[in-house]
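In what follows, a single structure is set out as structure tokens and then discussed.
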Amino acid sequence: MPRRPRLPARRSSQDADTVYLLSGSGHRGCGDGKASSATFNTPMGICALGDALGTVAISDVQNNTLRFVAPDKHRDVRVTSLRSSPFLGPRGLGCSADGNLLYVCDTGHNTIKFGVVPDQFVEDMDFGVLAGTGRRGHGDGPALTSSFHHPSSLCVTPDGIFVTDTGNHCIRFIYQAHGKWRVDTVAGGPTTPVGTGSIGRRSLGATPLTPLPGYVDGPGDVAMFRGPSGITVGPTGVLLVADTFNHCIRGIVWADSGWHVYTVAGAPKSGHVDGCCSTALFNQPVGICIGEDETVFVADKGNNCVRQLGGVVAAVGLCRYSWVRTISIDEGAPNWTFPKGREPPFLLPKGLCVLAPQHSWYHCRQRPRRLLVGVCDTGNHLVRVLSIESSAEELAPELKRNGSTPAEENQADVTEKEEHVSEIRDLREENARLKSENETYRHLLELAVAKMNTLSIQLEAKHQVSDQGGTNK
1479 MPRRPRLPAR
1489 RSSQDADTVY
1499 LLSGSGHRGC
1509 GDGKASSATF
1519 NTPMGICALG
1529 DALGTVAISD
1539 VQNNTLRFVA
1549 PDKHRDVRVT
1559 SLRSSPFLGP
1569 RGLGCSADGN
1579 LLYVCDTGHN
1589 TIKFGVVPDQ
1599 FVEDMDFGVL
1609 AGTGRRGHGD
1619 GPALTSSFHH
1629 PSSLCVTPDG
1639 IFVTDTGNHC
1649 IRFIYQAHGK
1659 WRVDTVAGGP
1669 TTPVGTGSIG
1679 RRSLGATPLT
1689 PLPGYVDGPG
1699 DVAMFRGPSG
1709 ITVGPTGVLL
1719 VADTFNHCIR
1729 GIVWADSGWH
1739 VYTVAGAPKS
1749 GHVDGCCSTA
1759 LFNQPVGICI
1769 GEDETVFVAD
1779 KGNNCVRQLG
1789 GVVAAVGLCR
1799 YSWVRTISID
1809 EGAPNWTFPK
1819 GREPPFLLPK
1829 GLCVLAPQHS
1839 WYHCRQRPRR
1849 LLVGVCDTGN
1859 HLVRVLSIES
1869 SAEELAPELK
1879 RNGSTPAEEN
1889 QADVTEKEEH
1899 VSEIRDLREE
1909 NARLKSENET
1919 YRHLLELAVA
1929 KMNTLSIQLE
1939 AKHQVSDQGG
1949 TNK
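Residue numbers (the numbering used here): 1479 to 1951.
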């Protein structure tokens, strides 16, 4: 199958996107101290606290703690860990708008926790439970009696906190009502195995309370996800979700008194294709964040890279994007050598966040002109910073020249679109056949049960006649 060219075209080194080491030595461990020699073990979540120092919080999954990167009083960039950590495999992080509260997905404990951010250099914090009982499950209602299954990311809004409940294949919402915190399911995770999804099959043996994975757009109560792992708020208030195992970016919008789910970019199959959002392919997207220019950055874990969505077209309530590109950093990336050999620029990147550009320690030697994106380079046990040197407006003409805008699809786009339509047509036919077979099976089962009931009644009647005959004798 022909593949479309990587985008954008090769630029000069002066305009190339670059990457900088923020913290980590590339070795696995849990060592604090100087940022360049500190060690991590599977860093996965990242969040800028928004304080005067520019502190960056990191969830260090295998070390079961949070790490903090910031300059100390001597202006040396250092890494510290919580003195006492209440977490088990923490992942997603989010900060309140005023920077006073830090929210954490305590994934291993199936809870959402929060702590008050200190005014000075962070060395320790106290955390409490905001939502979840600690037991794995799927239950809405009062926050402290609700249940989650492997929550992995969150985003904080003025209305509340949205959470990707990965193990339940759904999106949850934590909010205050009448002064009390509550949890609702916004979209995904249908709990009754009725029918089949547009992609894949639902298990006929699933219990009524088992949230189901799948790929279905539409109203929130019927939409389906497959292991969503990243969430952020996009233009017009739309929620953008990295639907990891559907290899898509999904949108969730409030419309007509209810939540509605649609696909923003990608298709429910893995791959690595740039260009139009309708034909672009991802491979297990995990982290997601949005820049000030409204472009979206995605940690494409399976492709070991970071992708960018641009050309936003925002209508009332909805928002769509025009193009996807792979951020190429091969010209500006330092050549680090690790014990196991030369690594790619990224290895299984997961967490992303946009960093404030005013803190000079983020980028050391060269002040970037555009956006700064913090990246948890999970497989390399590093935290890096991407400097995006070209704005969305500057990239759009370049992508158009390469035949990559929706108005100028190349032959690879057409071929992939035809194959995708054909695949959907085949799946619909298969779904129709399965429904027909299920109806036939259900009808035969009802006939068999009715016949068994009839035989049981007849047998019971014979026993009664026999018993009466014995009594008469």
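Glycine included, C-beta positions come from ideal geometry on N, C-alpha and C. Treat the numbers as computed from the prediction; the structure is a model and nothing was measured.
Query	Result
Unbroken stretches of the beta strand (DSSP E), 3 residues or longer, contained in the stretch 1606 to 1635	1629 to 1635
Cα-Cα separation, E1560 to L1923	Correcting the residue identity first, residue 1560 is Leu in this sequence and not Glu. Looking at the two C-alpha atoms, the distance is approximately 60 Å.
A1665 - containing beta strand (DSSP E), residue span	1658 to 1666
Contact set for I1805: own chain, Cβ-Cβ below 6 Å, skip 5 residues either direction	D1495, V1784, Q1786
L1833 beta carbon less than 8 Å from that of S1863	The sequence shown places Val at residue 1863, rather than the Ser named in the question. Against a cut-off of 8 Å, the Cβ pair of L1833 and V1863 comes out as a contact.
8 Å contact criterion, which I1978 and W1659 should meet: CB distance rounded	For the chain, the structure presents residues 1479 to 1951; residue 1978 sits outside this window and is missing.
Supposed contact pair G1857 and G1765 - C-beta distance, whole angstroms, cut 8 Å	Between G1857 and G1765 the Cβ distance is about 13 Å, and since that is not below 8 Å, they are no contact.
8 Å Cβ cutoff met for A1665 and G1698	yes
Beta carbon of A1720 nearer than 8 Å to that of S1735	no
Own chain, CB closer than 6 Å to D1855, minus 5 neighbours either side, in chain order	F1824, P1827, R1862
As assigned by DSSP and simplified to three states, the class of M1930	helix
M1522 - containing beta strand (DSSP E), residue span	1521 to 1526
Beta-carbon proximity check, A1548 vs F1599, cutoff 8 Å	yes
Q1936 - DSSP class collapsed to helix/strand/coil	helix
Proximity of L1632 and V1716 at Cβ, strictly below 8 Å	no
8 Å Cβ cutoff met for C1726 and V1802	no
Length of the line joining the Cα atoms of N1782 and R1704	20 Å
Residues that DSSP places opposite F1591 in a beta bridge	Note that residue 1591 corresponds to Lys in the displayed sequence, not to Phe. V1582, V1607, per the DSSP bridge assignment.
Neighbourhood of M1930 by C-beta distance below 8 Å, restricted to the same chain and skipping five residues each side	none
C-alpha gap between I1536 and A1609, whole angstroms	21 Å
Three or more C-beta pairs below 8 Å linking the stretch 1561 to 1568 and the stretch 1496 to 1515	no
Neighbour-count burial assignment, L1718, 16 or more Cβ in a 10 Å radius	buried
Where G1657 falls, given that 16 or more other Cβ within 10 Å makes a residue buried	exposed
Short CB-CB distance (under 8 Å) between G1696 and chain D	Here there is only one protein chain, and chain D is not present.
Under 8 Å between C-beta atoms of E1772 and V1790	yes
Alpha-carbon spacing of T1932 relative to H1921, whole angstroms	17 Å
C1573 versus L1579 - alpha carbon distance	6 Å
Own chain partners of I1768 with C-beta closer than 6 Å, once the 5 adjacent residues on each side are dropped	T1710, G1712, V1774
Cβ shell of H1750 (< 7 Å), same chain only, five flanking positions each side left out	L1759, N1761, N1781
Nonlocal neighbours in the same chain, by C-beta distance under 7 Å from G1606, ignoring five residues either side	K1591, F1592
Burial state of K1779, where buried means 16 or more other Cβ atoms lie within 10 Å	buried
Buried or exposed by the 16-neighbour rule on C-beta atoms within 10 Å, applied to H1859	buried
Residue span of the beta strand (DSSP E) that contains L1850, given as start and end	1849 to 1855
G1753 in three-state terms, based on DSSP	strand
I1935 burial status per 10 Å Cβ neighbour count (16 or more: buried)	exposed
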